[in-house]
Amino acid sequence: MTKQKRIATLINALAIFAVIFLNRNSFISLIAITLIIVLNFWNLIDMKEEK
8 MTKQKRIATL
18 INALAIFAVI
28 FLNRNSFISL
38 IAITLIIVLN
48 FWNLIDMKEE
58 K
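Sequential numbering from 8 applies to the sequence shown in this note's numbering.
Okay, structure coming up:
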């Protein structure tokens, strides 16, 4: 589970960079980045709770 969560965080980081490169000025990209960041915080909280 921990390896899958680490891979998920890496995929989320890559998705953030892809959204920034594709849509730098659009408002939808900001919403997508905020959702991805929220998912990243959820993953970090889950990892801390497991330890």
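We treat Cβ as the ideally placed atom computed from N, Cα and C, and that holds for glycine.
Where residue i and residue j are concerned, what is the direct C-alpha to C-alpha distance, given to the nearest angstrom?
i     : j     : result
Lys10 : Ser33 : 33 Å
Trp49 : Ile23 : 16 Å
Ile38 : Ala20 : 15 Å
Leu29 : Asp53 : 30 Å
Leu42 : Ile35 : 11 Å
Thr16 : Asn47 : 6 Å
Lys12 : Glu56 : 13 Å
Using the three-state DSSP reduction, which class does residue i fall into: helix, strand or coil?
i     : result
Ser33 : coil
Between residue i and residue j, how many whole angstroms is the CB-CB distance? I'm expecting something under 8 Å.
i     : j     : result
Val26 : Ile40 : 6 Å
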